[in-house]
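Letter by letter, the sequence shown follows residues 65 to 191 in this note's numbering.
Backbone N, C-alpha and C fix where the C-beta goes; we use that ideal spot for every residue, glycine too.
Just so it is clear, the structure is predicted and the values come from calculations on it, not from any experiment.
The structure appears below as structure tokens.
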Amino acid sequence: MSNFDWFYVFVAFNAALLVLLAMNVSRVRMREKVAHGDGGNIALKAAIRAHGNGIEFVPMYGLVILALCMVQTPASWLAPLVVGFSVGRVLHAIGMLTTAMQARRMGAALTFALMLAAVVLLTITII
Numbered sequence: 065m066s067n068f069d070w071f072y073v074f075v076a077f078n079a080a081l082l083v084l085l086a087m088n089v090s091r092v093r094m095r096e097k098v099a100h101g102d103g104g105n106i107a108l109k110a111a112i113r114a115h116g117n118g119i120e121f122v123p124m125y126g127l128v129i130l131a132l133c134m135v136q137t138p139a140s141w142l143a144p145l146v147v148g149f150s151v152g153r154v155l156h157a158i159g160m161l162t163t164a165m166q167a168r169r170m171g172a173a174l175t176f177a178l179m180l181a182a183v184v185l186l187t188i189t190i191i
């Protein structure tokens with residue numbers, strides 16, 4: 065796969081994940097009959113935050129991955145950044161929506177570690 069192929073994989077997978085998380089918010093809203101806000105409902109709060117947290121991290125990381133592609137970072141470096149981050153986002157979502165706190169912690173750790181690694185790699189590459 066080329067370096068840009070990894071960007072396309074990132075966009076497709078993480079967009080699908082965000083759509084699933086958004087659909088989950090709608091599902092919980094309908095089940096709990098809460099049209100606006102969270103209604104103080106714990107399950108709805110968790111669903112909203114699981115989706116919101118993805119929205120907070122996925123776009124910025126996507127831009128960093130795109131920038132790494134544009135400076136011709138080898139695909140062999142992009143692959144673990146894309147796969148690891150995506151696995152981290154899934155783990156974090158699982159941890160947010162269930163009682164699997166370890167998954168949430170591991171997902172957050174992967175998200176932060178790979179975000180930092182990608183930013184450092186980009187900075188080193190462009191200097």
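Member of the options whose CA lies at the smallest distance from the CA of residue i
i           : options               : result
residue 181 : 83, 145, 81 and 106   : 145
residue 88  : 75, 122 and 109       : 109
residue 183 : 166, 125, 121 and 152 : 125
residue 191 : 102, 135 and 140      : 135
residue 168 : 149, 188 and 153      : 153
residue 71  : 188, 179 and 128      : 128
residue 177 : 188, 157 and 148      : 148
residue 85  : 97, 106 and 157       : 157
Whole-Å CB distance - residue i paired with residue j, under 8 Å assumed
i           : j           : result
residue 137 : residue 67  : 6 Å
residue 65  : residue 114 : In fact, because the Cβ distance is near 29 Å, the residues do not count as touching under 8 Å.
residue 185 : residue 171 : Incorrect: roughly 21 Å between the Cβ atoms, too far for contact.
Contact under 8 Å by Cβ, residue i with residue j
i           : j           : result
residue 121 : residue 162 : no
residue 91  : residue 99  : no
residue 140 : residue 74  : no
Proximal residues to residue i (C-beta, below 7 Å), its chain only, five neighbours per side dropped
i           : result
residue 165 : 159
Cβ shell of residue i (< 8 Å), same chain only, five flanking positions each side left out
i           : result
residue 82  : 115, 118, 119 and 122
residue 102 : 108, 109 and 112
residue 142 : 67, 70, 71, 129, 132 and 133
residue 173 : 152
heavy atom of the ligand MG below 7 Å from residue i C-beta
i          : result
residue 69 : No copy of the ligand MG appears in this structure; indeed no ligand is present at all.
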